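Enquirer: Got a structure here, written out as structure tokens. Questions coming.
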Amino acid sequence: MALKPNSTDTRTRSSIQIFIVVGLCCFFYILGAWQRSGFGKGDSIALEMTKHSADCSIVPTLNFETHHAGEVGNVDESEKPKSFEPCHPRYVDYTPCQDQSRAMTFPRDNMIYRERHCPREEEKLHCLVPAPNGYVTPFPWPKSRDYVPYANAPYKALTIEKAIQNWIQYEGNVFRFPGGGTQFPQGADKYIDQLAKVIPITNGVVRTALDTGCGVASWGAYLWSRNVIAMSFAPRDSHEAQVQFALERGVPAVIGVLGTIKMPYPSRAFDMAHCSRCLIPWGANDGMYMKEVDRVLRPGGYWVLSGPPINWRNNYRAWQRPKKELEEEQKKIEEVAKLLCWEKKHEKGEIAVWQKRVNDEACSGRQHNSQANFCKAEEANDVWYKKMDACLTPYPDVSNPEEVAGGKLKPFPERLYAVPPRVASGSVPGVSVETYQGDNEKWKKHVGAYKKINRLIDSGRYRNILDMNAGLGGFAAALDSPKLWVMNVMPTIAEKDTLGVIFERGLIGIYHDWCEAFSTYPRTYDLIHAHGLFSLYKDKT
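Using UniProt numbering, you'd call the opening residue of the sequence shown number 1 and step up by one each time.
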């Protein structure tokens, strides 16, 4: 029997709440809110919040007014506020920097055409992206993991293309997600159980994961129930709406690809990286993509590769690929892994697992290897629109062979409020242990105030949350809950780069410049938080 979305609740995400200030025009499309297209009705939640938001005495220092000193006196009250009309319905799923028609004008070599290509000034839209006809409020978490209203992403192609792999099924007025994948048609849970025999997934040691070529992100969805948060990404390509489905389910995901540009994450960010038939040519370009994974993989972290070419001798017939081609592909992967000094921990069936060494002490021989071209250490976090290089990211220095390069992390959830190694070591200028602890206390108070104003926070209604200027991650830490996740954005123009600190807390995030559109679909986020963002971008062109 098909589940029925709440037929009396035809709200679009015009109910999305925004603390402290609303978004800039360049990312209005993320919200899919303030709609005047007739596609959705207003949300009564916003009205209820308005009724109760007058009590700001909960935290006396929490000021909900804007802070642009000197501007208020210059406002001409007779001037009518600017309004934006709805865009044409054909833009219902518009992604400005991953627009399909623009993408096809770029070279296909190394997936360049699937990378970010933002519109020129004269091409930018100045209208509000509408919701699809019939859009309804998504199911709350955890129900949304398994069900998405058909009207919210009305695309059936994957139900046919991936039918035997159990990605997605169409059942009346909803899509159902059985948890399958190309490499795990019997379900992500069983697949994760296999991985957990090799990787410490259940004890908090592995907390952050990266899923490259994620499909509808069922791997990440089922990891979340084990308190592991995965950053999933895939390009906007022939697999129609795969990332959009992930986000509608309430699973962390962005549009992205391994091409020629570095991934928008800091070095030593993830405890685990994963590829399940992701079709990435890992051995190509001198192993450049494996080297990029190594950059973002924490010392002691794990890389999982399942599907071709692993165990090619037994599987080449099923894959319908030549033995010689698969043998050469795996040989190149093994050679790059050896150069990276990864230790192979497991290979069984179609799954292989490597572990990155905790420091460079066991890899001293590669210093004399002619193929070991090292990157500049100071460029490890310089990633925004920077070309990917086939070089090795050096480990931080250690004082003994047992020391974890960059610092050992506590298991999660202790990790959330423990002093991150980057703070303890003074690696972030201007951020001391006292600064970090004071920031945590501030955000605990502020989030407490938010929850008294909006009692739907942590109810499962708000699953996908965006912090547009995340700082040290205090907002996300104070919100920590199995019912929601926070995308912590580090603006590229921020004075202090603290995204590495955020990952060391067991949270996830991404670098981004808010003068451009975010790498996501319309209607992605249920709640947006923007502290100090307008001040940061004031007078920026």
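Even for Gly, the Cβ is constructed at its ideal location relative to N, Cα and C. Everything numeric in this text was worked out from a predicted model, so none of it was measured.
1) Select from 305, 323, 186 and 307 the residue whose C-alpha is nearest the C-alpha of residue 313.
2) Counting only runs that start and end within the stretch 174-219, where is the beta strand (DSSP E) found for 3 or more residues in a row?
3) With DSSP as the reference, label residue 381 as helix, strand or coil.
4) Where does residue 534 fall in DSSP's three states?
5) Compare the beta carbon distance of residue 433 and residue 447 with 9 Å and say whether it is the shorter of the two.
6) Considering residue 433, what are the terminal residues of the alpha helix (DSSP H) in which it resides?
7) Quick check on this structure: which residue in 427, 359 and 435 has the alpha carbon closest to the alpha carbon of residue 399?
8) Can the beta-carbon of residue 213 be found closer than 9 Å to that of residue 280?
9) Quick check for students: name the residue ranges of the alpha helix (DSSP H) that lie wholly in the stretch 72-160, counting only runs of 4 or more.
10) Taking buried to mean at least 16 other C-beta atoms within 10 Å of its own C-beta, is residue 287 buried or exposed?
11) So, with DSSP's three-state summary, where would you put residue 303?
12) Tell me where the alpha helix (DSSP H) around residue 234 begins and ends.
13) Could you name the residues of the same chain whose beta carbon sits closer than 6 Å to that of residue 346, not counting the 5 residues immediately before and after it, in chain order?
14) Between the alpha carbons of residue 140 and residue 458, how many angstroms are there, rounded?
15) Taking the straight line between their C-alpha atoms, what separation do you get for residue 570 and residue 247?
16) How about the stretch 224-240 and the stretch 467-480: do they share at least three Cβ pairs that are nearer than 8 Å?
17) Would you check if the distance between the CB atom of residue 473 and the CB atom of residue 207 is smaller than 9 Å?
18) With a Cβ-Cβ cutoff of 9 Å, do residue 119 and residue 97 count as a contact?
19) In chain order, what are the residue ranges of uninterrupted alpha helix (DSSP H) at least 4 long that sit wholly in the stretch 361-424?
20) Taking just the CA atoms, how far does residue 534 sit from residue 69?
21) Using the Cα positions of residue 504 and residue 147, report the straight-line distance between them to the nearest angstrom.
22) Tell me the residue span of the beta strand (DSSP E) that contains residue 171.
23) Are the beta-carbon atoms belonging to residue 251 and residue 273 less than 9 Å from one another?
24) What distance in whole Å lies between the Cβ atoms of residue 196 and residue 202, which are believed to be in contact at a cut-off of 8 Å?
25) Using 10 angstroms around the beta-carbon of residue 371, count the other beta-carbons present and answer buried if the total reaches 16, otherwise exposed.
26) Start and end of the alpha helix (DSSP H) containing residue 312?
27) What does the alpha-carbon distance come out to for the pair residue 320 and residue 143?
28) Can you give the beta carbon distance from residue 242 to residue 153, rounded, assuming they're within the 8 Å contact cut?
29) Going along the chain, which residues of its own chain have a beta-carbon closer than 6 Å to the beta-carbon of residue 355, five neighbours each way excluded?
30) Measure the CB-CB distance between residue 117 and residue 99 and report whether it falls below 9 Å.
31) Any idea if residue 374 is buried or exposed, counting beta-carbon neighbours within 10 angstroms, 16 or more meaning buried?
32) Closest by CA to residue 413, which one among 481, 363 and 111?
33) Determine, using beta carbons only, whether residue 476 and residue 502 come nearer to each other than 9 Å.
34) Using the three-state DSSP reduction, which class does residue 468 fall into: helix, strand or coil?
35) Restricting to Cα atoms, I'd like to know which of 290, 204, 190 and 450 is closest to residue 219.
36) According to the Cβ coordinates, are residue 259 and residue 110 closer than 9 Å?
Expert: According to the structure data:
1) Counting from one through the sequence shown, the residue named residue 313 turns up at place 313. Ranking the options by Cα distance to residue 313, first place goes to 323.
2) Listed in chain order, they are 174-176 and 208-212.
3) Locating residue 381 in the sequence shown gives position 381, where the first residue counts as 1. Note: residue 381 maps to coil in three-state DSSP.
4) For the purposes of this step, residue 534 is taken as residue 534 along the sequence shown, with counting starting at 1. Reduced to three states, the DSSP call for residue 534 is helix.
5) One-based indexing of the sequence shown puts residue 433 at position 433. One-based indexing of the sequence shown puts residue 447 at position 447. Going by C-beta atoms, residue 433 is not nearer than 9 Å to residue 447.
6) As a first step, residue 433 is located in the sequence shown; it is residue number 433 there, counting from the start. Segment 433-453, the alpha helix (DSSP H) holding residue 433.
7) As a position in the sequence shown, residue 399 is number 399, starting the count at 1. Selection 427, 359 and 435 evaluated against residue 399 yields 359 as nearest (Cα-Cα).
8) For the purposes of this step, residue 213 is taken as the residue at position 213 of the sequence shown. For the purposes of this step, residue 280 is taken as the residue at position 280 of the sequence shown. Cβ atoms of residue 213 and residue 280: closer than 9 Å.
9) Secondary structure within the stretch 72-160: the alpha helix (DSSP H) runs of 4 or more consecutive residues, fully enclosed, are 100-103 and 143-146 (chain order).
10) Taking the sequence shown and counting its residues from 1, the one referred to as residue 287 is at position 287. Here residue 287 is buried, its C-beta having at least 16 other C-beta atoms within 10 Å.
11) As a working note, residue 303 is residue 303 in the sequence shown. Note: residue 303 maps to strand in three-state DSSP.
12) Residue mapping note: residue 234 aligns to position 234 of the sequence shown, counting from 1. From DSSP, residue 234 is part of no alpha helix (DSSP H) but of the beta strand (DSSP E) over 229-234.
13) As a position in the sequence shown, residue 346 is number 346, starting the count at 1. Once the five neighbours on either side are set aside, the close Cβ partners of residue 346 are 198 and 353.
14) Locating residue 140 in the sequence shown gives position 140, where the first residue counts as 1. Locating residue 458 in the sequence shown gives position 458, where the first residue counts as 1. In a straight line, the C-alpha of residue 140 is about 10 Å away from that of residue 458.
15) Any property of residue 570 remains undetermined from this structure, which presents the chain solely from 1 to 541.
16) In this structure the stretch 224-240 does not touch the stretch 467-480; the number of beta carbon pairs closer than 8 Å is below three.
17) For the purposes of this step, residue 473 is identified with residue 473 of the sequence shown, where counting begins at 1. For the purposes of this step, residue 207 is identified with residue 207 of the sequence shown, where counting begins at 1. No.
18) In the sequence shown, counting from the first residue as 1, residue 119 sits at position 119. In the sequence shown, counting from the first residue as 1, residue 97 sits at position 97. It is a contact, given that the beta carbons lie within the stated cut-off.
19) Runs of alpha helix (DSSP H) with 4 or more residues, each lying fully within the stretch 361-424, are found at 421-424, listed in chain order.
20) Your numbering for residue 69 matches position 69 in the sequence shown. Your numbering for residue 534 matches position 534 in the sequence shown. Unreliable positioning characterises residue 69 in this predicted model, as indicated by a pLDDT of 43, which lies under 50. The coordinate reading is nonetheless provided below. Approximately 12 Å between the Cα atoms of the pair.
21) Taking the first residue of the sequence shown as position 1, residue 504 is located at position 504. Taking the first residue of the sequence shown as position 1, residue 147 is located at position 147. Taking C-alpha positions only, residue 504 is separated from residue 147 by approximately 32 Å.
22) As a working note, residue 171 is residue 171 in the sequence shown. From DSSP, the beta strand (DSSP E) with residue 171 extends over 169-171.
23) Along the sequence shown, one-based indexing puts residue 251 at 251. Along the sequence shown, one-based indexing puts residue 273 at 273. For residue 251 and residue 273, no; Cβs fall outside 9 Å.
24) Your numbering for residue 202 matches position 202 in the sequence shown. Your numbering for residue 196 matches position 196 in the sequence shown. Right, their Cβ atoms sit about 6 Å apart.
25) The count along the sequence shown starts at 1 and reaches residue 371 at position 371. Exposed.
26) Within the sequence shown, residue 312 is the residue found at index 312, counting from 1. Run containing residue 312: 312-319, per the alpha helix (DSSP H) assignment.
27) Your numbering for residue 320 matches position 320 in the sequence shown. Your numbering for residue 143 matches position 143 in the sequence shown. Looking at the two C-alpha atoms, the distance is approximately 38 Å.
28) One-based indexing of the sequence shown puts residue 242 at position 242. One-based indexing of the sequence shown puts residue 153 at position 153. In fact, because the Cβ distance is near 10 Å, the residues do not count as touching under 8 Å.
29) By one-based count along the sequence shown, residue 355 stands at place 355. Hits under 6 Å: 302, 343 and 345.
30) What you label residue 117 is simply residue 117 of the sequence shown in a count that begins at 1. What you label residue 99 is simply residue 99 of the sequence shown in a count that begins at 1. Going by C-beta atoms, residue 117 is nearer than 9 Å to residue 99.
31) Within the sequence shown, numbered from 1, the residue matching residue 374 stands at position 374. Classification of residue 374: exposed, given that the 10 Å Cβ count is below 16.
32) Looking up residue 413 in the sequence shown gives position 413. Looking at the Cα atoms, 481 is the closest of the given residues.
33) Sequence index remark: in the sequence shown, residue 476 carries index 476 (1-based). Sequence index remark: in the sequence shown, residue 502 carries index 502 (1-based). Their beta carbons are under 9 Å apart, which means residue 476 touches residue 502 by this criterion.
34) Taking the sequence shown and counting its residues from 1, the one referred to as residue 468 is at position 468. Coil, per DSSP.
35) Within the sequence shown, numbered from 1, the residue matching residue 219 stands at position 219. It is 190.
36) Along the sequence shown, read from residue 1 onward, the residue named residue 259 stands at position 259. Along the sequence shown, read from residue 1 onward, the residue named residue 110 stands at position 110. Yes, these two residues count as a Cβ contact at 9 Å.
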